[in-house]
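Enquirer: In order, the protein sequences belong to chains R and Z.
Residue numbers for the first sequence follow my numbering, beginning at 1 and rising by one.
Residue numbers for the second sequence follow my numbering, beginning at 126 and rising by one.
All C-beta atoms in this analysis are idealised placements derived from N, C-alpha and C, irrespective of residue type, glycine included.
First, the structure itself, so that you have it in front of you.
Number of protein chains: 2
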Amino acid sequence: MSSTAGATAAIKVLPAPPGLPEPLPEPTVEELRLETVLGALSDPLRLTIVRKLLLESEQFDHSCGWFGFDRPKSSLTHHFKALREAGVTRQRQYGLERRSHVRIDDLNACFPGLLDLVAAWAPEV
Amino acid sequence: MSSTAGATAAIKVLPAPPGLPEPLPEPTVEELRLETVLGALSDPLRLTIVRKLLLESEQFDHSCGWFGFDRPKSSLTHHFKALREAGVTRQRQYGLERRSHVRIDDLNACFPGLLDLVAAWAPEV
DNA sequence: CCTGCAGTACGACTTGAGTCGAACTTAGCA
DNA sequence: TGCTAAGTTCGACTCAAGTCGTACTGCAGG
Numbered sequence: 001m002s003s004t005a006g007a008t009a010a011i012k013v014l015p016a017p018p019g020l021p022e023p024l025p026e027p028t029v030e031e032l033r034l035e036t037v038l039g040a041l042s043d044p045l046r047l048t049i050v051r052k053l054l055l056e057s058e059q060f061d062h063s064c065g066w067f068g069f070d071r072p073k074s075s076l077t078h079h080f081k082a083l084r085e086a087g088v089t090r091q092r093q094y095g096l097e098r099r100s101h102v103r104i105d106d107l108n109a110c111f112p113g114l115l116d117l118v119a120a121w122a123p124e125v
Numbered sequence: 126m127s128s129t130a131g132a133t134a135a136i137k138v139l140p141a142p143p144g145l146p147e148p149l150p151e152p153t154v155e156e157l158r159l160e161t162v163l164g165a166l167s168d169p170l171r172l173t174i175v176r177k178l179l180l181e182s183e184q185f186d187h188s189c190g191w192f193g194f195d196r197p198k199s200s201l202t203h204h205f206k207a208l209r210e211a212g213v214t215r216q217r218q219y220g221l222e223r224r225s226h227v228r229i230d231d232l233n234a235c236f237p238g239l240l241d242l243v244a245a246w247a248p249e250v
């Protein structure tokens, strides 16, 4: 709980997909490792991704395009994959789009306070 | 200032350095960057170093040898330097030994909760 | 004085991460 | 049927980081 979590109930995410698409491969809660998560967050772009997800919308999953980064698509794929494989984000496939959201509950359970630091982070000018 | 003035507990650290040796080069508090600190902490050995400093002794600075790592000395120098340059630890030269301690106040001021995560970290097996 | 010890400095090697272009996959739509 | 858009996959390149051996510095004790 605390901070960024807020209301977790009734996440009416989408135009109602029948059941949610199942998440892409990711570590389980037990497999979350602090050093791996910290490594994933030690990159400014990824920090920006997570922070943006935390602050600007936690109600929905967001596609890569939503962030508006001016980088080649293959680079973005790389970073979103790194975040997912570290267990920071979860990704689901919605038709063409692959949407991401932060695993807030899992991270708060394993590393309480970490997401607060990310949310408070200020990109270097 | 103040040094060990009030403490009559007889911290017999040294042949009494007049004032503490001045710290080796390190970033100021304002220069501390979350992504850099996270990067420094994304390595198991460095996580071990910081955790050990936090848990097993915060009263004293400790030399590299105190940790008992079975690694070449040059590797240890590399990691201690990485921690210091990221702003995680402070190092002072005491005669032959270069002793380290965690910059607890600075880190708690900039990234509250981060050190708690390190202290709670459990090395993988 | 000379040796031993704590630790650094430097250089070489290897691996992994970040960056990107180009080709490919697939859903939706006309 | 074919186009377009979102994103992946692959491979290449570059650069930083981790690892280690060896040589060096500088204090201490015989």
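On the criterion of 16 or more Cβ atoms from any shown chain inside 10 Å, does residue 68 (chain R) qualify as buried, or is it exposed?
Expert: As a position in the first sequence, residue 68 (chain R) is number 68, starting the count at 1. By the 10 Å Cβ count, residue 68 (chain R) comes out exposed.
Enquirer: Please confirm if residue 157 (chain Z) has its CB atom under 8 Å from at least one CB of chain R.
Expert: Within the second sequence, the letter at position 32 stands for residue 157 (chain Z). Cβ-Cβ to chain R under 8 Å: no for residue 157 (chain Z).
Enquirer: Tell me the rounded alpha-carbon separation between residue 279 (chain Z) and residue 80 (chain R).
Expert: Here chain Z has residues from 126 to 250 only, and residue 279 (chain Z) is not among them.
Enquirer: Excluding sequence positions up to five away, which residues of its chain have a Cβ less than 8 Å from the Cβ of residue 89 (chain Z)?
Expert: In the structure displayed, chain Z extends from 126 to 250; residue 89 (chain Z) sits before or after that span and is not available.
Enquirer: Pick from R:36, R:50, R:108: whose alpha carbon is nearest that of residue 27 (chain R)?
Expert: Stepping through the first sequence from its first residue, residue 27 (chain R) is reached at position 27. Minimum Cα distance to residue 27 (chain R) is reached at R:36.
Enquirer: Using a Cβ-Cβ cutoff of 8 Å, what residues of the region 100-115 of chain R are near chain Z? List them in chain order.
Expert: Against chain Z - using a Cβ distance shorter than 8 Å - the residues of the region 100-115 of chain R are 111, 112, 113, 114.
Enquirer: At the 8 Å Cβ level, is residue 1 (chain R) part of the contact set with chain Z, yes or no?
Expert: Locating residue 1 (chain R) in the first sequence gives position 1, counting from the first residue. Per-residue confidence for residue 1 (chain R) stands at a pLDDT of 39, beneath the threshold of 50, marking its modelled position as unreliable; the derived number appears in the next sentence. Not closer than 8 Å to any Cβ of chain Z, the Cβ of residue 1 (chain R) fails to qualify, so no.
Enquirer: If residue 31 (chain R) sits next to residue 87 (chain R), beta carbons under 8 Å apart, how far is it from one beta carbon to the other, in whole angstroms?
Expert: Along the first sequence, read from residue 1 onward, the residue named residue 31 (chain R) stands at position 31. Along the first sequence, read from residue 1 onward, the residue named residue 87 (chain R) stands at position 87. At roughly 7 Å, the Cβ-Cβ gap stays under 8 Å, so residue 31 (chain R) and residue 87 (chain R) are in contact.
Enquirer: Using the Cα positions of residue 231 (chain Z) and residue 96 (chain R), report the straight-line distance between them to the nearest angstrom.
Expert: On the second sequence, residue 231 (chain Z) is found 106 positions in, with the first residue counted as 1. On the first sequence, residue 96 (chain R) is found 96 positions in, with the first residue counted as 1. For residue 231 (chain Z) and residue 96 (chain R), the distance between alpha carbons rounds to 46 Å.
Enquirer: Determine the burial state of residue 185 (chain Z): buried for a count of at least 16 other Cβ atoms within 10 Å of its Cβ, exposed for fewer.
Expert: The residue labelled residue 185 (chain Z) in the question sits at position 60 within the second sequence. So residue 185 (chain Z) ends up on the exposed side.
Enquirer: Helix, strand or coil for residue 89 (chain R) per DSSP?
Expert: Taking the first sequence and counting its residues from 1, the one referred to as residue 89 (chain R) is at position 89. Note: residue 89 (chain R) maps to strand in three-state DSSP.
Enquirer: Near residue 244 (chain Z), which residues of its chain fall below 8 Å by C-beta distance, leaving aside the five closest residues on each side in sequence?
Expert: As a first step, residue 244 (chain Z) must be located in the second sequence, where it is residue number 119. Here the set comprises 176, 179, 180.
Enquirer: Could you tell me the distance, in whole angstroms, from the CA atom of residue 251 (chain Z) to the CA atom of residue 20 (chain R)?
Expert: The requested residue 251 (chain Z) is not part of the displayed model; chain Z covers only 126 to 250.
Enquirer: Using DSSP's beta-bridge definition, name the partner residues of residue 227 (chain Z).
Expert: Along the second sequence, one-based indexing puts residue 227 (chain Z) at 102. Z:214, per the DSSP bridge assignment.
Enquirer: Could you check if residue 98 (chain R) is buried or exposed, using at least 16 other CB atoms within 10 Å of its CB as the buried criterion?
Expert: As a working mapping, residue 98 (chain R) is identified with position 98 in the first sequence. Buried: at least 16 other Cβ atoms inside 10 Å.
Enquirer: Chain Z partners of residue 35 (chain R), CB-CB under 7 Å?
Expert: On the first sequence, position 35 is the one that residue 35 (chain R) refers to. Neighbours of residue 35 (chain R) on chain Z, chain order: 167, 168, 169, 172.
Enquirer: Does the distance from the C-beta atom of residue 238 (chain Z) to that of residue 116 (chain R) stay below 8 Å?
Expert: Counting from 1 along the second sequence, the entry for residue 238 (chain Z) is found at position 113. Counting from 1 along the first sequence, the entry for residue 116 (chain R) is found at position 116. The answer is yes: Cβ separation under 8 Å.
Enquirer: Against chain R, does residue 246 (chain Z) count as a neighbour if the rule is that its beta carbon must be under 8 Å from one of theirs?
Expert: Along the second sequence, one-based indexing puts residue 246 (chain Z) at 121. At least one chain R Cβ lies under 8 Å of residue 246 (chain Z).
Enquirer: Return yes when the Cβ of residue 64 (chain R) is within less than 8 Å of the Cβ of residue 76 (chain R), no when it is not.
Expert: Numbered from its first residue, the first sequence carries residue 76 (chain R) at position 76. Numbered from its first residue, the first sequence carries residue 64 (chain R) at position 64. Contact: yes.
Enquirer: Starting from the beta carbon of residue 163 (chain Z), find every residue of chain R whose beta carbon is closer than 7 Å, and list them in chain order.
Expert: Here the question's residue 163 (chain Z) lines up with position 38 in the second sequence. Within chain R, the residues near residue 163 (chain Z) are 38, 41, 42.
Enquirer: Can you tell me the Cβ-Cβ gap for residue 41 (chain R) and residue 91 (chain R), rounded? I've got them flagged as a contact below 8 Å.
Expert: For this step, residue 41 (chain R) is matched to residue 41 along the first sequence. For this step, residue 91 (chain R) is matched to residue 91 along the first sequence. So it is not a contact: roughly 17 Å between Cβ atoms.
Enquirer: With a CB to CB cut of under 8 Å and the five nearest residues on each side skipped, what residues in its chain are close to residue 83 (chain R)?
Expert: As a working mapping, residue 83 (chain R) is identified with position 83 in the first sequence. Only 40, 46, 49, 50, 89, 100 meet the Cβ criterion.
Enquirer: Since residue 247 (chain Z) contacts residue 154 (chain Z) with CB under 8 Å, what's their CB separation in whole angstroms?
Expert: By 1-based counting over the second sequence, the position of residue 247 (chain Z) is 122. By 1-based counting over the second sequence, the position of residue 154 (chain Z) is 29. 29 Å between Cβ atoms; not a contact.
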